[in-house]
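Engineer: My questions all concern the structure below.
In full-length UniProt numbering, the protein residues as written are 1 to 351.
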């Protein structure tokens, strides 16, 4: 073999070896960078759920006048107060704010004192907030927010000293209403709690449990992959077939599998099993604020539209949902029947 030929061969081999070496180094570097990015994201997420990380929580009561079940329900009088006032006043007690006359649902929510203890932060739950010229809500301290698309509801809330966020009529459900209200708040929040305006009997402990499922400060990373949390409770077998009572099934780890207006689970006999522990979905919902911002961009899904349940869009898009089980229950005012049949019971249960 001539020196020239050897030299050429050696050079070619060396060049190929260098190329392979650089390729390997590139892959190693890229892999290390990816691992660092994943680790960084995990650390950041862990810090957000750490008990030392100050998480910001806002509670919003969506108040829509044009309810398909009960038009004008937020303004329906219960024991001399509009329903939404009961909700609001409960929330104000939560942050040691003076009691006010806004709505019974709000009143019930304000008693949830453990919410502030859990997250150790400024809790904003339900007042009506005036907007500046740029459409940004100006809030001070522990403001509370009522979000509504109706001027009659807004006037009602202003009448007892509340601040109101007006939302557009294009909001298709309470979740989208909460998202729009969140964008108009000047302060940034990590968790958004949606408290239904037709739940004047909601127990404060239920609110606390749902926030705890989201924040997980007491149980860090208990549900690290859940972007949504809600509450379920025991349902009487005789009510299991009522389409106004949304049923839920959960897995062994407390994640929601499905929600339905129909009977679930459904056995082969086609009858309600009086011994089965059916679960009722309660109206309170809590979202990761970052997820809430993308929720309106998710297209409506077949199951969501068929059941008319907005939480199904979340499950159909592959997101995880935590379902806490408080030891008490709550009853929604879905129609006028409850108001007509339970006046004395309501008087005993409401402040």
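Using N, Cα and C, we set each Cβ at its ideal position, and we do this for glycine too.
Grab me the residues of residue 296's own chain with a C-beta within less than 7 Å of its C-beta, minus the 5 sequence neighbours each way, in chain order.
Structural biologist: In the chain shown, the residue the question calls residue 296 occupies position 296. The residues are 176, 179.
Engineer: Check whether the Cβ atoms of residue 280 and residue 249 sit closer than 9 Å, and answer yes or no.
Structural biologist: In the chain shown, residue 280 corresponds to position 280, counting from 1. In the chain shown, residue 249 corresponds to position 249, counting from 1. No, the pair does not count as a contact, with Cβ atoms beyond the cut-off.
Engineer: By the DSSP assignment, the alpha helix (DSSP H) with residue 291 in it spans what residues?
Structural biologist: For the purposes of this step, residue 291 is identified with residue 291 of the chain shown, where counting begins at 1. Element bounds for residue 291: 289 to 294.
Engineer: Taking DSSP as the reference, what is the three-state secondary structure of residue 282?
Structural biologist: Within the chain shown, numbered from 1, the residue matching residue 282 stands at position 282. Strand, per DSSP.
Engineer: Quick one: what's got a C-beta closer than 7 Å to residue 314's C-beta in the same chain, skipping five residues either side?
Structural biologist: By 1-based counting over the chain shown, the position of residue 314 is 314. Excluding sequence neighbours, residue 314 sits near 228, 321.
Engineer: For the candidate residues 327, 308, 168, whose alpha-carbon lies nearest to that of residue 245?
Structural biologist: Within the chain shown, the letter at position 245 stands for residue 245. When each option's Cα is compared against that of residue 245, the closest is 308.
Engineer: Please report how far the alpha carbon of residue 353 lies from the alpha carbon of residue 260, in whole angstroms.
Structural biologist: Residue 353 is absent from the model: the chain starts at 1 and stops at 351.
Engineer: Counting along the chain, where does the beta strand (DSSP E) carrying residue 184 start and finish?
Structural biologist: To locate residue 184, count along the chain shown from 1; it is residue 184. From DSSP, residue 184 is part of no beta strand (DSSP E) but of the alpha helix (DSSP H) over 174 to 184.
Engineer: Report the residue from 230, 59, 190, 168 whose alpha carbon sits nearest the alpha carbon of residue 290.
Structural biologist: Walking along the chain shown from the start, residue 290 turns up at place 290. That would be 190, whose Cα lies nearest to the Cα of residue 290.
Engineer: Is residue 62 helix, strand or coil by DSSP?
Structural biologist: Mapped onto the chain shown, residue 62 falls at position 62. Reduced to three states, the DSSP call for residue 62 is strand.
Engineer: For residue 247, which residues from the same chain have a beta carbon less than 8 Å from its beta carbon, with the 5 sequence-adjacent residues on both sides left out?
Structural biologist: As a position in the chain shown, residue 247 is number 247, starting the count at 1. If we look at residue 247 and ignore the five residues flanking it on each side, its Cβ neighbours are 235, 240, 259, 260, 261, 262, 263, 264, 278, 279, 280, 281.
Engineer: Looking only at its chain, what residues have a beta carbon closer than 6 Å to the beta carbon of residue 304, apart from the 5 residues adjacent to it on each side?
Structural biologist: Translated into positions along the chain shown, residue 304 becomes position 304. If we look at residue 304 and ignore the five residues flanking it on each side, its Cβ neighbours are 312, 313.
Engineer: Just to confirm the assignment, what range does the beta strand (DSSP E) spanning residue 325 have?
Structural biologist: Within the chain shown, residue 325 is the residue found at index 325, counting from 1. It is not in any beta strand (DSSP E) - residue 325 carries neither H nor E in the DSSP assignment.
Engineer: Restricting to Cα atoms, I'd like to know which of 194, 57, 316, 186 is closest to residue 257.
Structural biologist: In the chain shown, the residue the question calls residue 257 occupies position 257. Looking at the Cα atoms, 316 is the closest of the given residues.
Engineer: Can you check whether the CB of residue 192 is closer than 9 Å to the CB of residue 59?
Structural biologist: As a first step, residue 59 must be located in the chain shown, where it is residue number 59. As a first step, residue 192 must be located in the chain shown, where it is residue number 192. Yes. Within cutoff.
Engineer: If you reduce the DSSP assignment to three classes, tell me which class residue 227 lands in.
Structural biologist: By 1-based counting over the chain shown, the position of residue 227 is 227. DSSP places residue 227 in strand when its eight states are reduced to three.
Engineer: Considering only the alpha carbon of each residue, which of 187, 185, 207 lies closest to residue 195?
Structural biologist: Counted from its first residue, the chain shown places residue 195 at position 195. Per the Cα distances, 207.
Engineer: Find out if the Cβ-Cβ distance for the pair residue 232, residue 286 is shorter than 9 Å.
Structural biologist: Residue 232 sits at position 232 when you count from the first residue of the chain shown. Residue 286 sits at position 286 when you count from the first residue of the chain shown. Contact: no.
Engineer: Using three-state DSSP, classify residue 187 as helix, strand or coil.
Structural biologist: Against the chain shown, residue 187 aligns to sequence position 187. In this structure, residue 187 counts as coil in the three-state DSSP scheme.
Engineer: Below 8 Å on the Cβ atoms is my guess for residue 182 versus residue 292; work out the distance and round it to an integer in Å.
Structural biologist: Here residue 182 refers to the residue found at position 182 when the chain shown is read from its first residue. Here residue 292 refers to the residue found at position 292 when the chain shown is read from its first residue. Contact flag correct, Cβ pair sits at about 6 Å.
Engineer: Residues in the same chain with beta-carbon distance under 6 Å from residue 237, minus the five sequence neighbours each way, listed in chain order, please.
Structural biologist: Within the chain shown, residue 237 is the residue found at index 237, counting from 1. Only 272, 274 meet the Cβ criterion.
Engineer: Taking residue 310 as the reference, give the member of 166, 172, 62, 209 with the closest Cα.
Structural biologist: Taking the chain shown and counting its residues from 1, the one referred to as residue 310 is at position 310. That would be 172, whose Cα lies nearest to the Cα of residue 310.
Engineer: Alpha carbon to alpha carbon, how far is residue 95 from residue 302?
Structural biologist: Taking the first residue of the chain shown as position 1, residue 95 is located at position 95. Taking the first residue of the chain shown as position 1, residue 302 is located at position 302. In this prediction, residue 95 has a pLDDT of 32, which is less than 50 and means its spatial position is unreliable; what the coordinates show is noted afterwards. Roughly 40 Å separates the two Cα atoms.
Engineer: With the cut-off set at 9 Å, would you say residue 62 and residue 203 are in Cβ contact?
Structural biologist: By one-based count along the chain shown, residue 62 stands at place 62. By one-based count along the chain shown, residue 203 stands at place 203. Taking 9 Å as the Cβ cut-off, residue 62 and residue 203 do not qualify as a contacting pair.
Engineer: According to the neighbour-count rule (16 or more other Cβ atoms, all chains shown, within 10 Å of its Cβ), is residue 270 buried or exposed?
Structural biologist: Against the chain shown, residue 270 aligns to sequence position 270. It counts as exposed.
Engineer: Please list, in chain order, all residues of the same chain as residue 243 whose beta carbon is under 8 Å from its beta carbon, the five residues on each side excluded.
Structural biologist: Against the chain shown, residue 243 aligns to sequence position 243. Answer for residue 243: 261, 262, listed in chain order.
Engineer: Out of 230, 268, 300, state which residue places its alpha-carbon closest to the alpha-carbon of residue 255.
Structural biologist: Reading the chain shown from its first residue, position 255 is the one you call residue 255. Nearest C-alpha to residue 255: 230.
Engineer: Name the DSSP bridge partner or partners of residue 314?
Structural biologist: Start at 1 with the first residue of the chain shown, and residue 314 comes out as number 314. Per DSSP, none; premise fails for residue 314.
Engineer: Could you tell me which of 318, 294, 167, 187 sits nearest to residue 57, measuring between CA atoms?
Structural biologist: As a first step, residue 57 is located in the chain shown; it is residue number 57 there, counting from the start. Cα-wise, what sits closest to residue 57 is 187.
Engineer: Take residue 174 and list the residues in its own chain whose beta-carbon comes closer than 6 Å to its own, dropping the five residues that flank it on each side.
Structural biologist: Here residue 174 is taken as the residue at index 174 of the chain shown, counted from 1. Result list for residue 174: 62, 194, in chain order.
Engineer: Which residue or residues does DSSP assign as beta-bridge partners of residue 194?
Structural biologist: Residue mapping note: residue 194 aligns to position 194 of the chain shown, counting from 1. Note: residue 194 sits in a beta bridge opposite 60, 285.
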